[in-house]
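Peer 1:
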Amino acid sequence: MKASLQRVAPAACAFMALLGTALAVSPQARAEPPSAEAIIEAFEGVLGPIRTSRPSHAKGTCAAGHFVATPEGARFSVAPVFNGQRVPTIIRFGVGVGNPAGPDTGRTTRSLSIRFETQAGDIWDMANISAPIFGAPTPEAMVAGLVARRPDPATGQPDPQKVAAFLAANPATTLQARWLAATLPPASWATTPYWGVNAFRFRGADGEVRHVRWVFEPRAGVQRLTEEEMRTRPANFLADELRGRVAAAPVEFDMVLQFAGPGDDLVNPTIAWPDDRPRAVVGRLTVTEVAPGPGGACDPISFLTLDLAPGVEYSDDPTLHARTGTYAVSLSRRLQ
(Lines of atoms letter the chains of each structure in order from A and count residues from 1; the text may use other names and numbers.)
(Lines give C-alpha, C1' and ligand atoms only; values in the text may rest on other atoms or scores of the structure.)
Protein backbone atom coordinates (compact mmCIF):
# COMPACT_ATOMS: atom_id res chain seq x y z
CA MET A 1 0.00 0.00 0.00
CA LYS A 2 1.23 3.50 -0.74
CA ALA A 3 2.64 5.61 2.02
CA SER A 4 -0.23 8.12 1.96
CA LEU A 5 -2.68 5.39 2.90
CA GLN A 6 -0.41 3.84 5.50
CA ARG A 7 0.12 7.08 7.41
CA VAL A 8 -1.90 7.26 10.61
CA ALA A 9 -3.11 10.84 11.12
CA PRO A 10 -3.33 12.22 14.65
CA ALA A 11 -6.42 10.99 16.47
CA ALA A 12 -8.68 13.70 17.84
CA CYS A 13 -11.69 12.18 19.56
CA ALA A 14 -13.50 8.93 18.87
CA PHE A 15 -15.82 9.13 15.92
CA MET A 16 -19.30 8.23 17.03
CA ALA A 17 -22.01 8.79 14.46
CA LEU A 18 -25.39 9.57 15.92
CA LEU A 19 -27.87 6.80 15.15
CA GLY A 20 -30.13 7.79 12.30
CA THR A 21 -33.03 5.86 13.80
CA ALA A 22 -32.96 7.65 17.15
CA LEU A 23 -36.30 8.89 18.45
CA ALA A 24 -37.15 12.35 19.73
CA VAL A 25 -38.98 13.92 22.61
CA SER A 26 -41.26 16.91 22.45
CA PRO A 27 -39.81 20.36 23.27
CA GLN A 28 -41.83 20.44 26.47
CA ALA A 29 -40.01 17.34 27.72
CA ARG A 30 -36.49 18.65 27.11
CA ALA A 31 -34.23 19.24 30.08
CA GLU A 32 -30.57 20.16 30.33
CA PRO A 33 -28.41 18.82 27.49
CA PRO A 34 -27.13 15.33 28.30
CA SER A 35 -23.53 14.94 29.32
CA ALA A 36 -21.03 13.10 27.14
CA GLU A 37 -21.10 10.20 29.58
CA ALA A 38 -24.90 10.04 29.44
CA ILE A 39 -24.86 9.89 25.65
CA ILE A 40 -22.33 7.06 25.60
CA GLU A 41 -24.21 5.17 28.30
CA ALA A 42 -27.41 5.50 26.28
CA PHE A 43 -25.71 3.88 23.29
CA GLU A 44 -24.23 1.13 25.44
CA GLY A 45 -27.63 0.50 26.99
CA VAL A 46 -28.82 -0.59 23.54
CA LEU A 47 -25.67 -1.97 21.93
CA GLY A 48 -23.74 -3.27 24.93
CA PRO A 49 -20.16 -2.19 25.72
CA ILE A 50 -18.58 -0.23 22.88
CA ARG A 51 -14.92 -1.21 22.86
CA THR A 52 -13.87 -1.95 19.26
CA SER A 53 -15.96 -0.80 16.30
CA ARG A 54 -17.90 2.43 15.90
CA PRO A 55 -21.45 2.21 17.21
CA SER A 56 -22.92 3.41 13.92
CA HIS A 57 -21.46 2.81 10.47
CA ALA A 58 -19.38 0.16 12.19
CA LYS A 59 -18.50 -1.41 8.84
CA GLY A 60 -16.16 0.59 6.65
CA THR A 61 -13.20 0.76 4.29
CA CYS A 62 -10.30 3.22 4.30
CA ALA A 63 -9.26 5.17 1.23
CA ALA A 64 -7.16 8.20 0.30
CA GLY A 65 -7.07 10.95 -2.26
CA HIS A 66 -7.06 14.71 -2.54
CA PHE A 67 -9.31 17.77 -2.71
CA VAL A 68 -8.95 20.85 -4.90
CA ALA A 69 -11.18 23.86 -4.41
CA THR A 70 -12.73 25.83 -7.24
CA PRO A 71 -12.53 29.64 -7.49
CA GLU A 72 -16.03 29.64 -6.01
CA GLY A 73 -14.65 27.79 -3.00
CA ALA A 74 -12.08 30.53 -2.41
CA ARG A 75 -14.85 33.10 -2.81
CA PHE A 76 -17.09 31.59 -0.16
CA SER A 77 -14.48 30.53 2.43
CA VAL A 78 -11.16 31.97 3.54
CA ALA A 79 -10.20 28.59 5.03
CA PRO A 80 -6.91 27.22 3.64
CA VAL A 81 -8.66 24.08 2.37
CA PHE A 82 -10.32 26.31 -0.22
CA ASN A 83 -7.23 28.16 -1.48
CA GLY A 84 -7.07 26.10 -4.68
CA GLN A 85 -4.07 23.99 -3.75
CA ARG A 86 -4.20 20.20 -3.66
CA VAL A 87 -5.10 19.07 -0.13
CA PRO A 88 -4.38 15.42 0.81
CA THR A 89 -7.33 13.52 2.24
CA ILE A 90 -7.85 10.38 4.28
CA ILE A 91 -11.28 8.88 3.65
CA ARG A 92 -13.57 6.31 5.18
CA PHE A 93 -16.55 4.83 3.35
CA GLY A 94 -19.05 3.22 5.72
CA VAL A 95 -22.27 1.24 5.95
CA GLY A 96 -24.95 2.20 8.47
CA VAL A 97 -24.90 -0.95 10.57
CA GLY A 98 -24.01 -1.50 14.22
CA ASN A 99 -22.12 -4.72 13.42
CA PRO A 100 -18.97 -4.76 11.25
CA ALA A 101 -20.27 -7.99 9.73
CA GLY A 102 -23.57 -6.42 8.63
CA PRO A 103 -24.67 -6.62 4.98
CA ASP A 104 -23.99 -4.03 2.28
CA THR A 105 -27.47 -4.35 0.80
CA GLY A 106 -29.75 -3.00 3.53
CA ARG A 107 -31.86 0.15 3.34
CA THR A 108 -29.58 2.05 5.71
CA THR A 109 -27.32 5.05 5.23
CA ARG A 110 -23.87 4.88 3.68
CA SER A 111 -21.22 7.34 4.85
CA LEU A 112 -18.35 9.34 3.45
CA SER A 113 -16.00 10.64 6.15
CA ILE A 114 -13.07 12.82 5.15
CA ARG A 115 -9.99 14.28 6.81
CA PHE A 116 -8.49 17.25 4.93
CA GLU A 117 -4.98 18.17 6.08
CA THR A 118 -3.14 21.07 4.47
CA GLN A 119 0.63 21.28 4.19
CA ALA A 120 0.53 23.87 6.99
CA GLY A 121 -1.19 21.37 9.28
CA ASP A 122 -4.73 22.75 9.16
CA ILE A 123 -7.21 19.92 9.76
CA TRP A 124 -10.85 19.56 8.85
CA ASP A 125 -12.74 16.35 9.53
CA MET A 126 -16.28 15.79 8.31
CA ALA A 127 -18.80 12.96 8.29
CA ASN A 128 -21.48 12.83 5.58
CA ILE A 129 -24.36 10.39 5.02
CA SER A 130 -26.28 9.18 1.98
CA ALA A 131 -29.57 10.73 3.16
CA PRO A 132 -30.47 14.42 3.05
CA ILE A 133 -31.75 14.50 6.64
CA PHE A 134 -30.71 13.20 10.03
CA GLY A 135 -32.76 11.06 12.40
CA ALA A 136 -32.76 13.14 15.61
CA PRO A 137 -33.00 16.91 16.03
CA THR A 138 -31.10 17.24 19.32
CA PRO A 139 -28.84 15.28 21.66
CA GLU A 140 -31.74 15.09 24.14
CA ALA A 141 -33.88 13.47 21.50
CA MET A 142 -31.19 10.96 20.64
CA VAL A 143 -30.71 9.91 24.25
CA ALA A 144 -34.45 9.63 24.89
CA GLY A 145 -34.88 7.47 21.82
CA LEU A 146 -32.06 5.17 22.83
CA VAL A 147 -33.51 4.83 26.32
CA ALA A 148 -36.85 3.88 24.77
CA ARG A 149 -35.11 1.15 22.77
CA ARG A 150 -33.19 -0.30 25.71
CA PRO A 151 -33.86 -4.05 25.86
CA ASP A 152 -36.11 -5.35 28.60
CA PRO A 153 -34.04 -7.74 30.79
CA ALA A 154 -36.92 -10.21 30.83
CA THR A 155 -37.27 -10.47 27.04
CA GLY A 156 -34.03 -9.16 25.64
CA GLN A 157 -36.07 -6.91 23.33
CA PRO A 158 -37.19 -3.26 23.47
CA ASP A 159 -40.65 -2.59 24.87
CA PRO A 160 -42.74 -1.95 21.72
CA GLN A 161 -45.17 0.23 23.64
CA LYS A 162 -42.39 2.61 24.70
CA VAL A 163 -41.04 2.80 21.17
CA ALA A 164 -44.52 3.36 19.73
CA ALA A 165 -45.24 6.10 22.26
CA PHE A 166 -42.15 8.05 21.23
CA LEU A 167 -42.89 7.64 17.55
CA ALA A 168 -46.50 8.72 17.96
CA ALA A 169 -45.47 11.80 19.92
CA ASN A 170 -42.63 12.69 17.54
CA PRO A 171 -43.51 11.89 13.93
CA ALA A 172 -40.65 14.01 12.57
CA THR A 173 -38.21 11.37 13.78
CA THR A 174 -39.63 8.94 11.23
CA LEU A 175 -38.68 11.12 8.25
CA GLN A 176 -35.22 9.69 7.62
CA ALA A 177 -36.51 6.14 7.97
CA ARG A 178 -39.28 6.91 5.49
CA TRP A 179 -36.76 8.33 3.03
CA LEU A 180 -34.57 5.25 3.32
CA ALA A 181 -37.55 2.92 2.94
CA ALA A 182 -38.51 4.67 -0.29
CA THR A 183 -34.96 4.80 -1.72
CA LEU A 184 -33.05 1.82 -3.10
CA PRO A 185 -29.53 1.35 -1.63
CA PRO A 186 -26.47 2.55 -3.56
CA ALA A 187 -24.95 0.21 -6.13
CA SER A 188 -21.53 1.57 -5.19
CA TRP A 189 -19.96 3.87 -2.64
CA ALA A 190 -18.97 5.88 -5.72
CA THR A 191 -22.52 6.38 -7.04
CA THR A 192 -24.48 8.00 -4.24
CA PRO A 193 -24.63 11.59 -2.98
CA TYR A 194 -23.42 12.24 0.56
CA TRP A 195 -24.97 15.08 2.53
CA GLY A 196 -23.56 17.05 5.42
CA VAL A 197 -26.93 17.41 7.12
CA ASN A 198 -25.85 20.06 9.66
CA ALA A 199 -25.46 23.77 8.99
CA PHE A 200 -22.04 25.43 9.17
CA ARG A 201 -20.87 29.02 8.98
CA PHE A 202 -18.61 29.94 6.05
CA ARG A 203 -16.78 33.28 6.05
CA GLY A 204 -16.10 34.41 2.51
CA ALA A 205 -13.39 36.55 0.96
CA ASP A 206 -15.86 39.44 1.11
CA GLY A 207 -16.09 39.08 4.90
CA GLU A 208 -19.71 37.91 4.78
CA VAL A 209 -20.72 34.95 6.95
CA ARG A 210 -23.12 32.54 5.27
CA HIS A 211 -24.94 29.52 6.69
CA VAL A 212 -24.48 26.54 4.41
CA ARG A 213 -24.98 22.84 4.10
CA TRP A 214 -23.24 20.71 1.49
CA VAL A 215 -23.53 17.58 -0.57
CA PHE A 216 -20.83 15.52 -2.33
CA GLU A 217 -22.31 14.64 -5.71
CA PRO A 218 -20.82 11.63 -7.55
CA ARG A 219 -19.30 12.48 -10.92
CA ALA A 220 -20.19 8.94 -12.06
CA GLY A 221 -23.88 9.68 -11.53
CA VAL A 222 -26.34 8.13 -9.10
CA GLN A 223 -26.77 4.36 -9.43
CA ARG A 224 -28.82 2.19 -7.09
CA LEU A 225 -29.37 -1.50 -6.60
CA THR A 226 -32.48 -3.10 -8.02
CA GLU A 227 -34.75 -5.15 -5.77
CA GLU A 228 -33.25 -8.29 -7.34
CA GLU A 229 -29.70 -7.11 -6.72
CA MET A 230 -30.56 -6.42 -3.08
CA ARG A 231 -31.36 -10.12 -2.73
CA THR A 232 -28.44 -11.49 -4.74
CA ARG A 233 -25.43 -9.24 -4.18
CA PRO A 234 -22.80 -10.55 -1.73
CA ALA A 235 -22.96 -9.18 1.79
CA ASN A 236 -19.53 -7.54 1.38
CA PHE A 237 -19.58 -6.33 -2.22
CA LEU A 238 -19.03 -2.60 -1.69
CA ALA A 239 -15.33 -2.67 -0.78
CA ASP A 240 -14.34 -4.95 -3.65
CA GLU A 241 -16.44 -2.94 -6.10
CA LEU A 242 -14.76 0.29 -5.01
CA ARG A 243 -11.26 -1.24 -5.24
CA GLY A 244 -11.93 -2.39 -8.78
CA ARG A 245 -13.40 0.93 -9.78
CA VAL A 246 -10.52 3.00 -8.39
CA ALA A 247 -7.95 0.65 -9.93
CA ALA A 248 -9.43 1.53 -13.32
CA ALA A 249 -9.81 5.27 -12.74
CA PRO A 250 -10.04 7.71 -9.82
CA VAL A 251 -13.48 8.22 -8.27
CA GLU A 252 -14.60 11.84 -8.06
CA PHE A 253 -17.20 13.86 -6.18
CA ASP A 254 -18.12 17.52 -6.55
CA MET A 255 -18.60 19.38 -3.25
CA VAL A 256 -21.69 21.56 -3.66
CA LEU A 257 -22.71 24.18 -1.10
CA GLN A 258 -26.37 24.94 -0.48
CA PHE A 259 -27.03 28.39 1.01
CA ALA A 260 -29.70 28.97 3.62
CA GLY A 261 -32.64 31.14 2.69
CA PRO A 262 -34.96 33.23 4.87
CA GLY A 263 -36.75 31.06 7.40
CA ASP A 264 -34.61 27.94 6.84
CA ASP A 265 -33.96 26.00 10.05
CA LEU A 266 -30.27 26.32 10.95
CA VAL A 267 -30.26 24.05 13.99
CA ASN A 268 -32.48 21.07 13.12
CA PRO A 269 -30.82 18.50 10.84
CA THR A 270 -34.05 16.52 10.43
CA ILE A 271 -35.43 19.29 8.21
CA ALA A 272 -34.06 19.57 4.66
CA TRP A 273 -33.72 22.98 3.06
CA PRO A 274 -35.77 23.56 -0.11
CA ASP A 275 -34.17 22.43 -3.37
CA ASP A 276 -34.49 25.90 -4.89
CA ARG A 277 -31.88 27.41 -2.56
CA PRO A 278 -28.76 28.82 -4.31
CA ARG A 279 -25.88 26.40 -4.81
CA ALA A 280 -22.21 26.58 -5.76
CA VAL A 281 -19.61 23.94 -6.66
CA VAL A 282 -16.71 24.70 -4.32
CA GLY A 283 -14.32 21.81 -4.92
CA ARG A 284 -13.67 18.30 -6.15
CA LEU A 285 -12.76 15.26 -4.05
CA THR A 286 -10.74 12.62 -5.90
CA VAL A 287 -10.33 9.11 -4.49
CA THR A 288 -7.10 7.53 -5.74
CA GLU A 289 -6.41 4.64 -3.35
CA VAL A 290 -8.45 2.08 -1.43
CA ALA A 291 -7.09 -0.06 1.40
CA PRO A 292 -6.57 -3.69 0.33
CA GLY A 293 -8.31 -5.04 3.42
CA PRO A 294 -9.62 -4.20 6.89
CA GLY A 295 -7.89 -1.49 8.88
CA GLY A 296 -5.94 1.45 7.63
CA ALA A 297 -5.18 5.11 8.20
CA CYS A 298 -8.84 6.05 8.72
CA ASP A 299 -9.46 3.75 11.68
CA PRO A 300 -8.05 5.94 14.51
CA ILE A 301 -9.52 9.19 13.14
CA SER A 302 -12.55 10.69 14.84
CA PHE A 303 -13.63 12.73 11.79
CA LEU A 304 -14.43 15.51 14.23
CA THR A 305 -11.60 18.08 14.22
CA LEU A 306 -12.42 21.52 12.79
CA ASP A 307 -9.34 23.74 12.69
CA LEU A 308 -10.40 26.20 9.97
CA ALA A 309 -11.88 29.19 11.82
CA PRO A 310 -12.87 31.72 10.68
CA GLY A 311 -13.29 30.19 7.20
CA VAL A 312 -15.47 27.30 8.44
CA GLU A 313 -17.13 27.15 11.86
CA TYR A 314 -19.93 25.26 13.57
CA SER A 315 -23.42 26.66 13.49
CA ASP A 316 -25.56 26.65 16.64
CA ASP A 317 -26.87 23.15 15.82
CA PRO A 318 -26.70 21.32 19.18
CA THR A 319 -25.90 17.97 17.57
CA LEU A 320 -22.60 19.42 16.39
CA HIS A 321 -21.63 20.80 19.79
CA ALA A 322 -22.51 17.56 21.58
CA ARG A 323 -19.91 15.61 19.69
CA THR A 324 -16.68 16.93 21.19
CA GLY A 325 -16.98 15.47 24.67
CA THR A 326 -18.96 12.45 23.52
CA TYR A 327 -16.31 11.34 21.04
CA ALA A 328 -13.58 11.77 23.67
CA VAL A 329 -15.45 9.55 26.13
CA SER A 330 -16.08 6.97 23.41
CA LEU A 331 -12.40 6.89 22.48
CA SER A 332 -11.31 6.47 26.09
CA ARG A 333 -13.62 3.48 26.53
CA ARG A 334 -12.51 1.90 23.30
CA LEU A 335 -8.86 2.19 24.36
CA GLN A 336 -9.32 0.63 27.82
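Residue numbers (mature numbering (1 follows the signal peptide of the UniProt record, and there is no 0)): -31 to -1, 1 to 305. Don't be surprised by glycine CBs; every beta carbon is placed ideally from N, CA and C.
1. Let me know if residue 201 comes out buried or exposed under the rule of 16 or more other beta-carbons within 10 Å of its beta-carbon.
2. Could you compute how far the alpha carbon of residue 97 sits from the alpha carbon of residue 174?
3. What whole-angstrom Cβ distance do residue 194 and residue 156 have, given they're in contact under 8 Å?
4. Can you give me the Cβ contacts of residue 289 inside the same chain, cut-off strictly under 6 Å, excluding the 5 residues immediately before and after it?
5. Residues in the same chain with beta-carbon distance under 6 Å from residue 2, minus the five sequence neighbours each way, listed in chain order, please.
6. Determine the contact status of residue 69 and residue 28, defining contact as a CB-CB distance below 8 Å.
7. Rounded C-beta distance between residue 225 and residue 188? I'm assuming under 8 Å.
8. Give the straight-line distance between the Cα atoms of residue 297 and residue 92, rounded to the nearest whole angstrom.
9. Excluding five sequence neighbours on each side, which residues of the same chain lie with their C-beta closer than 6 Å to the C-beta of residue 172?
10. Tell me, please, which residues DSSP counts as bridged to residue 258.
11. Per DSSP, which residues does residue 250 bridge with? Please list them.
12. To which residues of the same chain is residue 255 closer than 6 Å at the C-beta, ignoring the five residues directly before and after it?
13. Jot down the residue ranges of each uninterrupted alpha helix (DSSP H) in the segment 52 to 120, minimum 4 residues, whole runs only, in chain order.
14. For residue 30 and residue 208, which I take to be in contact (beta-carbon distance under 8 Å), what is that distance rounded to the nearest angstrom?
15. Nearest chain C C-beta to residue 71 closer than 8 Å, yes or no?
16. Return the CA-CA distance between residue 154 and residue 76, expressed in angstroms with no decimal places.
17. Taking DSSP's pairing of strands, which residues face residue 38 in a bridge?
18. Take residue 25 as the anchor and find which of 214, 231, 81 and 123 has the nearest alpha-carbon.
19. From 58, 111 and 139, pick the residue whose C-alpha is nearest to that of residue 292; which is it?
20. Check this for me: beta carbons of residue 235 and residue 94, under 8 Å apart or not?
21. From residue 102 to residue 181, what does the alpha carbon distance come to, in whole angstroms?
Peer 2: If we stick to the structure as given:
1. Sixteen is the threshold: since fewer than 16 other Cβ atoms of the shown chains lie within 10 Å of the Cβ of residue 201, the residue is exposed.
2. Answer to the nearest angstrom: the Cα atoms are 25 Å apart.
3. 5 Å
4. 167 and 283
5. 108, listed in sequence order.
6. yes
7. Not really, about 12 Å apart at Cβ, beyond 8 Å.
8. The alpha-carbon separation between residue 297 and residue 92 amounts to approximately 17 Å.
9. Counting only residues of its own chain and dropping the five nearest sequence neighbours on each side, residue 172 has a CB closer than 6 Å to the CB of 47, 178, 279 and 280.
10. 33
11. Residue 250 is bridged by DSSP to 225.
12. 34, 35, 219 and 221
13. With a minimum length of 4 residues, the continuous alpha helix (DSSP H) runs that stay inside the segment 52 to 120 are 108 to 117.
14. 4 Å
15. Absent from the structure: chain C. Only one protein chain is present.
16. If I take the Cα positions, the gap works out to 6 Å.
17. Paired residues: 252.
18. 81
19. Checked all of 58, 111 and 139; the closest Cα to residue 292 is 111.
20. no
21. 14 Å
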